[in-house]
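Residue numbers (the working numbering): 48 to 251. Every residue, glycine too, gets a C-beta built ideally from N, C-alpha and C. Here's the structure, in structure tokens; my notes come after.
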């Protein structure tokens with residue numbers, strides 16, 4: 048059963064990575080934070096982006112997060128055999144990660160959808176970015192939950208308190224993110240999440 052939940056997590060992270068790309072790329076190339084700060088560059092970047100991109104990202108992204116949630120809950124259940132306290136911490140952290148991150152993903156999709164739908168004017172840009180800034184706490188809450196989950200998992204494995212060898216701690220999103228964070232690889236979080244679960248699938 049654990050392996051099934053891990054496979055779900057791998058598929059979910061891959062799909063969610065695709066959804067991130069739908070929001071982050073247009074026919075003009077990759078959208079970055081510098082473009083968002085420049086009204087003209089942002090207008091140009093979204094000029095040819097179909098409305099189907101953000102809408103598909105919202106729907107498929109919500110499903111993909113649901114799918115990879117099975118992997119996180121599966122690891123919580125697995126951890127119970129070694130530490131009930133750690134398992135409970137990971138469970139609470141999973142909920143703190145998954146619930147807000149669904150909201151954050153939907154918000155990001157709707158911000159782009161409304162910006163394109165309403166004509167990419169400066170007024171629309173100001174309104175949607177203001178809305179995104181006021182709801183950014185969903186992102187911070189989600190990533191805080193993920194951080195607690197990953198640190199707890201890392202500590203338990205590296206200390207030899209699970210059935211995995213201590214070196215198995217390398218199969219952790221945080222470990223993969225360190226060398227990847229400075230690269231231009233898209234959807235880094237989901238790539239690292241998929242790699243973590245692929246490694247755990249092999250080890251477990």
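TODO: Alpha carbon to alpha carbon, how far is residue 249 from residue 66? Give it in angstroms, no decimals.
DONE: 26 Å
Task: Residue from 214, 63 and 82 with nearest C-alpha to residue 172 - done: 82
TODO: Pull up the distance between the alpha-carbon of residue 30 and that of residue 196, whole angstroms please.
DONE: Since the first residue shown for the chain is 48 and the last is 251, residue 30 is missing from the structure and cannot be characterised.
Task: Per-residue burial, residue 189 [other beta carbons within 10 Å of its own, 16 or more giving buried] - done: buried
Task: Residues that DSSP places opposite residue 72 in a beta bridge - done: 77
Task: Cβ-based burial, residue 219 [other Cβ within 10 Å; buried from 16] - done: buried
TODO: Identify which residue in 193, 94 and 72 has its Cα closest to the Cα of residue 162.
DONE: 94
Open item on the list: Quick check on this structure: which residue in 206, 107 and 222 has the alpha carbon closest to the alpha carbon of residue 61?
Closed with: 107
- [ ] Provide the residue span of the alpha helix (DSSP H) that contains residue 125, from first to last.
- [x] 99 to 126
Task: Distance between residue 246 and residue 239 (C-alpha atoms, nearest Å) - done: 11 Å
Task: Buried or exposed by the 16-neighbour rule on C-beta atoms within 10 Å, applied to residue 258 - done: For the chain, the structure presents residues 48 to 251; residue 258 sits outside this window and is missing.
TODO: Use the C-beta contact count for residue 132: other C-beta atoms within 10 angstroms, 16 or more gives buried, fewer gives exposed.
DONE: exposed
- [ ] Return the residue from the list 88, 72 and 89 that minimises the CA-CA distance to residue 101.
- [x] 72
- [ ] Take every Cβ of the region 206 to 222, pair it with every Cβ of the region 167 to 181, and state whether three or more of those distances are shorter than 8 Å.
- [x] no
Open item on the list: For residue 194 and residue 113, I'd like the C-alpha separation in whole angstroms.
Closed with: 19 Å
TODO: Count the C-beta pairs between the region 226 to 237 and the region 139 to 153 that are closer than 8 Å, then say yes if the count reaches three, no if not.
DONE: no
TODO: Please state whether DSSP places residue 167 in a helix, a strand or coil.
DONE: coil
Open item on the list: Need the endpoints of the alpha helix (DSSP H) that residue 192 sits in, please.
Closed with: 184 to 205
- [ ] In angstroms with no decimal places, state the Cα-to-Cα distance between residue 105 and residue 136.
- [x] 29 Å
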